[in-house]
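Residue numbers for the sequence shown follow the working numbering, so the first one is 121 and each next one is one higher. Note that beta-carbon positions come from the ideal geometry of N, C-alpha and C, so glycine has one too.
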Amino acid sequence: MYKKQLEKETIFECPDFDGEQIGSPNWIHILELYRINSLNNPRMAHRLNEKALNPTLNEKTNAKLCDIIFHDSTISGMQYYYEKCHHEFKSTLNFLKIIRKW
């Protein structure tokens, strides 16, 4: 559900959750992570793939593909690039962490 909403809205306005400020996660950040990740070796977000980002109509109900978006490797990759040079990833990173946690 959250992945579908994030794709649909591109920027998803989130209220604070459990005392943490989330901000405005952006689907474009996940696409950018995939682009950056595909150019580098080793890949930080090794589970993130084209199929998870652009599923077919039948694949949109596949929980495994959705889980890839919120997978620990995706979060770790986004954390790495956030700390390195992509500070705009902060709200998307916070959102992914909270969804993964719950």
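Using the C-alpha atoms, what's the distance from G139 back to N182? Here residue 182 refers to the residue found at position 62 when the sequence shown is read from its first residue. Here residue 139 refers to the residue found at position 19 when the sequence shown is read from its first residue. Answer to the nearest angstrom: the Cα atoms are 31 Å apart.
Which same chain residues, not among the five before or five after H191, have their C-beta less than 6 Å away from its C-beta? Counted from its first residue, the sequence shown places residue 191 at position 71. Excluding positions up to five away in sequence, the list reads R167.
How would you label I148, buried or exposed, when you count the other beta carbons within 10 angstroms and need 16 or more for buried? Within the sequence shown, numbered from 1, the residue matching residue 148 stands at position 28. Per the 10 Å Cβ criterion, exposed.
With 16 as the cutoff for other CB atoms within 10 Å, does C186 come out buried or exposed? Your numbering for residue 186 matches position 66 in the sequence shown. C186 should be labelled buried.
Span of the alpha helix (DSSP H) holding I142? Here residue 142 refers to the residue found at position 22 of the sequence shown. I142 -> no alpha helix (DSSP H), and no H or E assigned at all.
C186 by DSSP, collapsed to three states: which one? Against the sequence shown, residue 186 aligns to sequence position 66. Correct three-state label for C186: helix.
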